[in-house]
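Student: First, the structure itself, so that you have it in front of you.
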Amino acid sequence: MDERVREHAAVLVDWSARVEAGDDVVLSVGPDAHELAVAVAEELGTRGANLLATYSSGEITRAYLRAHDGDFDANPTHELALLEHADVYLSLGGGRNTSATADVPGEQRRAYNDARREIREARLGTRWVSTVHPTRSLAQQADMAYEEYRGFAYDAILRDWESLAEEMAQLKTLLDDGSEVRLVSAGTDLTMDIDGRTAVNSAASVAYDSHNLPSGEVFTAPVATEGTVTFDVPMTLRGESVRNVRLEFAEGEVVDYDADQGAAVIGDILETDDGARRFGELGIGMNRGIDRYTDNILFDEKMGDTVHLALGRAYDACLPEGESGNESAIHVDLITDVSEESRLEIDGTVVQRNGTFRFESGFDG
1 MDERVREHAA
11 VLVDWSARVE
21 AGDDVVLSVG
31 PDAHELAVAV
41 AEELGTRGAN
51 LLATYSSGEI
61 TRAYLRAHDG
71 DFDANPTHEL
81 ALLEHADVYL
91 SLGGGRNTSA
101 TADVPGEQRR
111 AYNDARREIR
121 EARLGTRWVS
131 TVHPTRSLAQ
141 QADMAYEEYR
151 GFAYDAILRD
161 WESLAEEMAQ
171 LKTLLDDGSE
181 VRLVSAGTDL
191 TMDIDGRTAV
201 NSAASVAYDS
211 HNLPSGEVFT
221 APVATEGTVT
231 FDVPMTLRGE
241 SVRNVRLEFA
251 EGEVVDYDAD
261 QGAAVIGDIL
271 ETDDGARRFG
281 ELGIGMNRGI
291 DRYTDNILFD
301 EKMGDTVHLA
311 LGRAYDACLP
321 EGESGNESAI
331 HVDLITDVSE
341 ESRLEIDGTV
351 VQRNGTFRFE
361 SGFDG
(Lines of atoms letter the chains of each structure in order from A and count residues from 1; the text may use other names and numbers.)
(Lines give C-alpha, C1' and ligand atoms only; values in the text may rest on other atoms or scores of the structure.)
Protein backbone atom coordinates (compact mmCIF):
# COMPACT_ATOMS: atom_id res chain seq x y z
CA MET A 1 0.00 0.00 0.00
CA ASP A 2 1.21 3.50 -0.87
CA GLU A 3 2.29 5.11 2.40
CA ARG A 4 0.26 8.21 1.48
CA VAL A 5 -2.92 6.14 1.79
CA ARG A 6 -2.02 5.31 5.39
CA GLU A 7 -1.18 8.97 6.07
CA HIS A 8 -4.54 9.99 4.60
CA ALA A 9 -6.34 7.52 6.88
CA ALA A 10 -4.46 8.72 9.95
CA VAL A 11 -5.25 12.39 9.23
CA LEU A 12 -8.91 11.51 8.68
CA VAL A 13 -9.29 9.54 11.90
CA ASP A 14 -7.12 11.67 14.20
CA TRP A 15 -7.10 15.26 12.99
CA SER A 16 -10.40 15.39 11.11
CA ALA A 17 -12.88 13.19 13.00
CA ARG A 18 -11.11 13.07 16.39
CA VAL A 19 -12.08 9.41 16.84
CA GLU A 20 -11.77 8.04 20.37
CA ALA A 21 -11.97 4.59 21.93
CA GLY A 22 -15.56 3.37 22.09
CA ASP A 23 -16.86 5.67 19.33
CA ASP A 24 -19.51 4.10 17.10
CA VAL A 25 -18.34 4.80 13.54
CA VAL A 26 -20.25 4.40 10.27
CA LEU A 27 -17.84 4.14 7.34
CA SER A 28 -19.44 4.76 3.93
CA VAL A 29 -17.18 3.36 1.21
CA GLY A 30 -17.26 4.18 -2.49
CA PRO A 31 -16.63 1.38 -5.02
CA ASP A 32 -13.01 2.31 -5.72
CA ALA A 33 -12.13 3.57 -2.22
CA HIS A 34 -11.38 0.05 -0.96
CA GLU A 35 -7.70 0.67 -0.27
CA LEU A 36 -8.39 3.78 1.80
CA ALA A 37 -11.19 1.95 3.62
CA VAL A 38 -8.76 -0.80 4.63
CA ALA A 39 -6.31 1.78 6.00
CA VAL A 40 -9.11 3.62 7.86
CA ALA A 41 -10.39 0.35 9.34
CA GLU A 42 -6.91 -0.38 10.67
CA GLU A 43 -6.71 3.09 12.24
CA LEU A 44 -10.15 2.65 13.84
CA GLY A 45 -9.18 -0.77 15.20
CA THR A 46 -6.00 0.62 16.71
CA ARG A 47 -8.04 3.23 18.54
CA GLY A 48 -10.66 0.80 19.82
CA ALA A 49 -13.57 2.33 17.91
CA ASN A 50 -16.63 0.31 16.82
CA LEU A 51 -16.81 -0.01 13.03
CA LEU A 52 -19.76 -0.55 10.70
CA ALA A 53 -18.88 -0.29 7.01
CA THR A 54 -21.51 0.44 4.33
CA TYR A 55 -21.24 0.52 0.55
CA SER A 56 -22.06 3.68 -1.40
CA SER A 57 -22.40 3.48 -5.17
CA GLY A 58 -23.76 5.90 -7.73
CA GLU A 59 -24.86 2.99 -9.89
CA ILE A 60 -26.87 1.50 -7.03
CA THR A 61 -28.47 4.86 -6.29
CA ARG A 62 -29.35 5.29 -9.96
CA ALA A 63 -30.93 1.84 -10.22
CA TYR A 64 -33.02 2.40 -7.10
CA LEU A 65 -34.25 5.90 -7.94
CA ARG A 66 -35.11 5.10 -11.56
CA ALA A 67 -37.05 1.98 -10.58
CA HIS A 68 -38.99 3.53 -7.67
CA ASP A 69 -42.47 4.98 -8.18
CA GLY A 70 -41.43 8.17 -6.37
CA ASP A 71 -43.62 7.73 -3.31
CA PHE A 72 -40.74 7.32 -0.86
CA ASP A 73 -41.33 6.43 2.79
CA ALA A 74 -40.28 9.28 5.03
CA ASN A 75 -37.06 8.68 6.96
CA PRO A 76 -36.93 4.84 7.01
CA THR A 77 -36.47 3.76 10.61
CA HIS A 78 -33.57 1.38 10.06
CA GLU A 79 -31.36 4.04 8.47
CA LEU A 80 -32.46 6.79 10.82
CA ALA A 81 -31.70 4.63 13.87
CA LEU A 82 -28.22 3.83 12.54
CA LEU A 83 -27.29 7.50 12.24
CA GLU A 84 -29.00 8.58 15.45
CA HIS A 85 -26.80 6.15 17.37
CA ALA A 86 -23.56 6.89 15.50
CA ASP A 87 -20.86 9.11 16.96
CA VAL A 88 -18.87 9.47 13.74
CA TYR A 89 -19.78 9.22 10.05
CA LEU A 90 -16.93 8.97 7.55
CA SER A 91 -17.63 9.15 3.81
CA LEU A 92 -14.93 7.81 1.49
CA GLY A 93 -15.77 8.92 -2.03
CA GLY A 94 -14.36 7.03 -4.98
CA GLY A 95 -16.87 6.01 -7.62
CA ARG A 96 -16.33 4.37 -10.97
CA ASN A 97 -18.45 6.86 -12.92
CA THR A 98 -18.74 10.48 -11.81
CA SER A 99 -21.90 10.85 -13.93
CA ALA A 100 -23.59 7.66 -12.73
CA THR A 101 -26.85 9.39 -11.75
CA ALA A 102 -27.02 11.88 -14.63
CA ASP A 103 -30.24 10.42 -16.07
CA VAL A 104 -32.21 10.35 -12.81
CA PRO A 105 -35.18 12.75 -13.29
CA GLY A 106 -35.06 15.90 -11.18
CA GLU A 107 -38.47 15.32 -9.63
CA GLN A 108 -37.33 11.88 -8.46
CA ARG A 109 -34.26 13.39 -6.79
CA ARG A 110 -36.39 16.03 -5.06
CA ALA A 111 -38.88 13.48 -3.76
CA TYR A 112 -36.09 11.30 -2.41
CA ASN A 113 -34.32 14.21 -0.73
CA ASP A 114 -37.55 15.54 0.78
CA ALA A 115 -38.29 12.12 2.29
CA ARG A 116 -34.90 11.98 4.02
CA ARG A 117 -34.73 15.25 5.94
CA GLU A 118 -34.51 13.64 9.40
CA ILE A 119 -31.89 11.19 8.15
CA ARG A 120 -29.84 14.09 6.82
CA GLU A 121 -30.18 15.94 10.13
CA ALA A 122 -29.08 12.83 12.03
CA ARG A 123 -25.97 12.48 9.87
CA LEU A 124 -25.12 16.15 10.36
CA GLY A 125 -25.47 15.59 14.10
CA THR A 126 -22.49 13.21 14.10
CA ARG A 127 -18.80 14.08 13.84
CA TRP A 128 -19.06 13.61 10.08
CA VAL A 129 -16.23 14.03 7.59
CA SER A 130 -16.20 13.56 3.81
CA THR A 131 -13.08 12.77 1.83
CA VAL A 132 -12.15 11.02 -1.42
CA HIS A 133 -9.68 8.35 -2.42
CA PRO A 134 -7.92 9.42 -5.63
CA THR A 135 -9.30 7.13 -8.33
CA ARG A 136 -8.93 6.78 -12.07
CA SER A 137 -12.43 8.14 -12.67
CA LEU A 138 -11.62 11.29 -10.70
CA ALA A 139 -8.31 11.64 -12.54
CA GLN A 140 -10.13 11.36 -15.85
CA GLN A 141 -12.69 13.95 -14.76
CA ALA A 142 -9.83 16.28 -13.82
CA ASP A 143 -8.15 15.65 -17.20
CA MET A 144 -5.04 14.35 -15.48
CA ALA A 145 -2.94 11.21 -15.60
CA TYR A 146 -3.69 8.90 -12.68
CA GLU A 147 -0.29 9.25 -10.97
CA GLU A 148 -0.38 12.99 -11.54
CA TYR A 149 -3.80 13.19 -9.95
CA ARG A 150 -2.71 11.17 -6.93
CA GLY A 151 0.13 13.61 -6.33
CA PHE A 152 -2.26 16.53 -6.67
CA ALA A 153 -4.78 15.01 -4.26
CA TYR A 154 -2.25 14.20 -1.55
CA ASP A 155 -0.68 17.68 -1.84
CA ALA A 156 -4.13 19.02 -0.94
CA ILE A 157 -4.92 16.45 1.78
CA LEU A 158 -1.59 15.96 3.59
CA ARG A 159 -1.13 19.56 4.75
CA ASP A 160 0.21 21.17 7.90
CA TRP A 161 -3.36 21.83 9.02
CA GLU A 162 -2.42 23.58 12.25
CA SER A 163 -0.38 26.21 10.39
CA LEU A 164 -3.10 26.70 7.80
CA ALA A 165 -5.67 27.10 10.58
CA GLU A 166 -3.59 29.91 12.08
CA GLU A 167 -3.40 31.67 8.72
CA MET A 168 -7.11 31.33 8.01
CA ALA A 169 -7.99 32.63 11.49
CA GLN A 170 -7.06 36.12 10.23
CA LEU A 171 -9.86 36.04 7.66
CA LYS A 172 -12.29 34.54 10.17
CA THR A 173 -11.69 37.52 12.49
CA LEU A 174 -12.39 39.99 9.67
CA LEU A 175 -15.66 38.24 8.79
CA ASP A 176 -16.76 37.87 12.42
CA ASP A 177 -16.26 41.59 12.99
CA GLY A 178 -17.96 42.62 9.73
CA SER A 179 -21.53 43.42 8.77
CA GLU A 180 -21.56 43.44 4.97
CA VAL A 181 -19.54 41.69 2.26
CA ARG A 182 -19.31 42.96 -1.30
CA LEU A 183 -17.85 40.85 -4.12
CA VAL A 184 -16.94 42.62 -7.36
CA SER A 185 -15.47 41.01 -10.48
CA ALA A 186 -16.33 40.47 -14.14
CA GLY A 187 -20.09 39.95 -14.30
CA THR A 188 -20.42 40.19 -10.52
CA ASP A 189 -21.47 42.91 -8.11
CA LEU A 190 -23.01 41.24 -5.08
CA THR A 191 -23.62 42.40 -1.52
CA MET A 192 -24.44 40.11 1.42
CA ASP A 193 -25.37 40.86 5.02
CA ILE A 194 -23.23 38.88 7.50
CA ASP A 195 -24.04 40.85 10.65
CA GLY A 196 -24.11 38.61 13.73
CA ARG A 197 -22.85 35.57 11.83
CA THR A 198 -19.89 33.45 12.92
CA ALA A 199 -17.36 32.45 10.28
CA VAL A 200 -15.95 28.93 10.34
CA ASN A 201 -12.21 28.42 10.05
CA SER A 202 -12.54 25.25 8.00
CA ALA A 203 -9.27 23.51 8.80
CA ALA A 204 -10.37 19.94 7.95
CA SER A 205 -11.36 19.03 11.52
CA VAL A 206 -14.61 18.77 13.44
CA ALA A 207 -12.80 20.69 16.18
CA TYR A 208 -13.11 23.69 13.83
CA ASP A 209 -16.68 22.84 12.74
CA SER A 210 -15.07 21.64 9.50
CA HIS A 211 -16.22 18.45 7.80
CA ASN A 212 -14.22 18.07 4.57
CA LEU A 213 -10.77 16.59 3.93
CA PRO A 214 -9.20 18.36 2.17
CA SER A 215 -10.49 21.67 3.38
CA GLY A 216 -8.91 25.10 3.53
CA GLU A 217 -11.63 27.72 3.39
CA VAL A 218 -13.35 30.22 5.64
CA PHE A 219 -17.12 30.32 5.31
CA THR A 220 -20.14 32.03 6.80
CA ALA A 221 -23.91 32.18 6.26
CA PRO A 222 -24.99 35.32 4.38
CA VAL A 223 -28.46 36.88 4.40
CA ALA A 224 -30.16 39.67 2.43
CA THR A 225 -28.23 39.02 -0.80
CA GLU A 226 -28.58 41.69 -3.50
CA GLY A 227 -27.11 42.08 -6.98
CA THR A 228 -25.71 39.77 -9.64
CA VAL A 229 -23.05 37.08 -9.65
CA THR A 230 -21.36 35.04 -12.35
CA PHE A 231 -19.86 31.63 -11.59
CA ASP A 232 -17.19 31.06 -14.23
CA VAL A 233 -15.51 27.90 -12.90
CA PRO A 234 -16.75 24.90 -14.94
CA MET A 235 -18.26 22.09 -12.90
CA THR A 236 -20.53 19.06 -13.07
CA LEU A 237 -23.84 19.16 -11.22
CA ARG A 238 -26.04 16.10 -11.07
CA GLY A 239 -23.98 14.49 -13.79
CA GLU A 240 -24.29 17.39 -16.24
CA SER A 241 -21.76 20.04 -17.26
CA VAL A 242 -22.51 23.58 -16.11
CA ARG A 243 -20.72 26.66 -17.48
CA ASN A 244 -20.93 30.39 -16.68
CA VAL A 245 -23.93 30.44 -14.38
CA ARG A 246 -25.46 33.88 -13.83
CA LEU A 247 -27.81 34.62 -10.94
CA GLU A 248 -29.68 37.82 -10.14
CA PHE A 249 -30.83 38.47 -6.57
CA ALA A 250 -33.46 40.79 -5.15
CA GLU A 251 -34.69 40.81 -1.55
CA GLY A 252 -32.45 37.87 -0.76
CA GLU A 253 -33.54 35.38 -3.41
CA VAL A 254 -32.88 34.47 -7.03
CA VAL A 255 -35.22 36.34 -9.37
CA ASP A 256 -33.49 35.44 -12.64
CA TYR A 257 -30.89 32.95 -13.84
CA ASP A 258 -29.07 31.82 -16.95
CA ALA A 259 -26.04 29.74 -17.98
CA ASP A 260 -24.03 29.16 -21.12
CA GLN A 261 -24.43 25.43 -20.47
CA GLY A 262 -26.60 23.54 -18.01
CA ALA A 263 -29.27 26.19 -17.42
CA ALA A 264 -31.90 23.46 -17.05
CA VAL A 265 -29.92 21.89 -14.19
CA ILE A 266 -29.75 25.24 -12.42
CA GLY A 267 -33.48 25.70 -12.87
CA ASP A 268 -34.15 22.26 -11.46
CA ILE A 269 -31.98 23.02 -8.42
CA LEU A 270 -33.79 26.31 -7.81
CA GLU A 271 -37.16 24.53 -7.84
CA THR A 272 -36.18 22.13 -5.04
CA ASP A 273 -37.85 24.25 -2.33
CA ASP A 274 -38.07 27.88 -1.18
CA GLY A 275 -34.65 27.76 0.48
CA ALA A 276 -33.00 26.66 -2.77
CA ARG A 277 -33.39 30.22 -4.12
CA ARG A 278 -31.28 31.70 -1.33
CA PHE A 279 -27.62 31.45 -0.48
CA GLY A 280 -26.76 29.41 2.59
CA GLU A 281 -22.99 29.81 2.40
CA LEU A 282 -20.31 32.28 1.40
CA GLY A 283 -16.97 30.46 1.26
CA ILE A 284 -13.51 31.81 0.48
CA GLY A 285 -10.84 29.35 -0.68
CA MET A 286 -7.41 29.44 1.02
CA ASN A 287 -5.80 26.05 0.29
CA ARG A 288 -2.78 26.93 -1.87
CA GLY A 289 -2.01 23.22 -2.17
CA ILE A 290 -4.89 23.08 -4.68
CA ASP A 291 -3.51 24.77 -7.79
CA ARG A 292 -5.90 23.73 -10.57
CA TYR A 293 -9.56 22.97 -11.18
CA THR A 294 -10.53 19.31 -11.18
CA ASP A 295 -14.33 19.40 -11.62
CA ASN A 296 -14.65 18.07 -8.06
CA ILE A 297 -16.27 20.44 -5.58
CA LEU A 298 -14.41 18.93 -2.62
CA PHE A 299 -11.16 20.30 -4.06
CA ASP A 300 -12.20 23.18 -6.30
CA GLU A 301 -14.10 25.22 -3.69
CA LYS A 302 -11.04 25.20 -1.39
CA MET A 303 -8.64 26.51 -4.03
CA GLY A 304 -6.94 29.81 -3.36
CA ASP A 305 -8.11 32.65 -5.65
CA THR A 306 -11.73 31.43 -5.55
CA VAL A 307 -14.97 32.34 -3.84
CA HIS A 308 -17.91 29.97 -3.72
CA LEU A 309 -21.53 30.49 -2.79
CA ALA A 310 -23.98 27.70 -2.03
CA LEU A 311 -27.65 27.67 -2.85
CA GLY A 312 -29.69 26.07 -0.08
CA ARG A 313 -28.98 25.00 3.44
CA ALA A 314 -26.98 27.17 5.86
CA TYR A 315 -24.73 25.53 8.45
CA ASP A 316 -25.75 25.91 12.09
CA ALA A 317 -22.18 26.67 13.14
CA CYS A 318 -22.47 30.08 11.45
CA LEU A 319 -25.73 31.12 13.11
CA PRO A 320 -26.48 33.00 16.33
CA GLU A 321 -27.74 30.88 19.22
CA GLY A 322 -31.40 29.99 18.75
CA GLU A 323 -31.64 31.36 15.20
CA SER A 324 -32.59 29.24 12.22
CA GLY A 325 -30.72 29.90 9.01
CA ASN A 326 -31.73 29.19 5.46
CA GLU A 327 -33.36 25.77 5.31
CA SER A 328 -33.39 23.53 2.27
CA ALA A 329 -33.03 19.92 1.19
CA ILE A 330 -29.98 20.91 -0.87
CA HIS A 331 -26.62 22.62 -0.51
CA VAL A 332 -25.20 23.24 -4.00
CA ASP A 333 -21.90 25.11 -4.34
CA LEU A 334 -21.01 27.32 -7.30
CA ILE A 335 -17.53 28.82 -7.79
CA THR A 336 -16.13 32.04 -9.21
CA ASP A 337 -12.48 32.80 -10.00
CA VAL A 338 -11.24 35.94 -8.24
CA SER A 339 -7.61 35.85 -9.38
CA GLU A 340 -7.97 38.84 -11.72
CA GLU A 341 -9.92 42.11 -11.85
CA SER A 342 -11.72 41.38 -8.60
CA ARG A 343 -12.04 42.56 -5.03
CA LEU A 344 -13.68 41.37 -1.84
CA GLU A 345 -14.76 44.06 0.60
CA ILE A 346 -15.92 43.86 4.20
CA ASP A 347 -17.74 47.01 5.32
CA GLY A 348 -16.14 48.96 2.49
CA THR A 349 -12.56 47.85 3.18
CA VAL A 350 -10.85 45.69 0.56
CA VAL A 351 -9.63 42.50 2.25
CA GLN A 352 -8.73 40.60 -0.94
CA ARG A 353 -7.75 41.92 -4.34
CA ASN A 354 -7.05 39.70 -7.35
CA GLY A 355 -6.82 36.66 -5.07
CA THR A 356 -4.33 38.12 -2.58
CA PHE A 357 -5.42 38.85 1.00
CA ARG A 358 -4.43 42.02 2.83
CA PHE A 359 -2.41 39.93 5.32
CA GLU A 360 -0.39 38.28 2.50
CA SER A 361 2.71 39.68 0.82
CA GLY A 362 1.98 41.30 -2.52
CA PHE A 363 -1.41 42.70 -1.49
CA ASP A 364 -2.23 45.87 -3.45
CA GLY A 365 -4.74 47.81 -1.34
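Using the UniProt record's numbering, you'd call the opening residue of the sequence shown number 1 and step up by one each time. We treat Cβ as the ideally placed atom computed from N, Cα and C, and that holds for glycine. These numbers were taken from a predicted model, which means no experiment stands behind them.
1. Find the nearest neighbour of residue 205 within the set 128, 178 and 137, judged by alpha-carbon distance.
2. Taking 8 Å as the limit between beta carbons, can you name the residues of its chain near residue 218, skipping five residues before and five after?
3. Does the segment 268 to 282 come within contact of the segment 291 to 310, defined as at least 3 CB pairs closer than 8 Å?
4. If you drop the 5 nearest sequence neighbours on each side, which residues of the same chain put their C-beta closer than 7 Å to that of residue 276?
5. Taking just the CA atoms, how far does residue 150 sit from residue 82?
6. Check for me: the alpha helix (DSSP H) holding residue 227 runs from which residue to which?
7. In the DSSP assignment, find the unbroken alpha helix (DSSP H) run with residue 114 in it and report its ends.
8. Can you say whether residue 109 is buried or exposed, counting buried as having 16 or more other CB atoms within 10 angstroms of its CB?
9. Under the assumption that residue 345 contacts residue 338 (Cβ atoms under 8 Å), give the Cβ distance between them as a whole number of angstroms.
10. Which runs of the beta strand (DSSP E), 3 residues or longer, sit entirely within the segment 112 to 166?
11. Can you find at least 3 beta carbon pairs, one from the segment 82 to 96 and one from the segment 20 to 28, that sit closer than 8 Å?
12. Helix, strand or coil for residue 247 per DSSP?
13. Leaving out the 5 sequence neighbours to the left and right, which residues in its chain are closer than 8 Å to residue 255 when beta-carbon positions are compared?
14. Closest to residue 39 by CA distance: which of 227, 2 and 54 is it?
15. Among 322, 335 and 299, which one has its Cα closest to the Cα of residue 306?
16. Assess, as a yes-or-no matter, whether the segment 179 to 195 is touched by the segment 224 to 243 under the definition of 3 or more beta carbon pairs within less than 8 Å.
17. Could you round the C-beta distance between residue 122 and residue 180 to whole angstroms and report it? I think they count as a contact, below 8 Å.
18. Can we say the segment 8 to 15 touches the segment 154 to 163, given the rule of at least three CB pairs closer than 8 Å?
19. Whose CA, out of 253, 365, 86 and 152, lies closest to the CA of residue 392?
20. What's the gap between the Cα of residue 211 and the Cα of residue 260?
21. Indicate the three-state DSSP secondary structure (helix, strand or coil) for residue 331 in the structure shown.
22. Taking the continuous alpha helix (DSSP H) assigned at residue 268, which residues delimit it?
23. How far does the beta strand (DSSP E) with residue 190 in it reach, from first residue to last?
Tutor: Walking through what the data contain:
1. 128
2. 168, 171, 172, 175, 199, 200, 201, 202, 283, 284 and 286
3. yes
4. 269, 270, 311, 312, 328 and 330
5. 33 Å
6. From DSSP, residue 227 is part of no alpha helix (DSSP H) but of the beta strand (DSSP E) over 223 to 231.
7. 106 to 114
8. buried
9. Incorrect: roughly 12 Å between the Cβ atoms, too far for contact.
10. 127 to 132
11. yes
12. strand
13. 248 and 249
14. Closest by alpha carbon: 2.
15. 335
16. yes
17. So it is not a contact: roughly 35 Å between Cβ atoms.
18. yes
19. Residue coverage of the chain in this structure runs from 1 to 365, which leaves residue 392 outside it and unanswerable.
20. Roughly 32 Å between the two C-alpha positions.
21. strand
22. 263 to 270
23. Start and end: 188 to 193.
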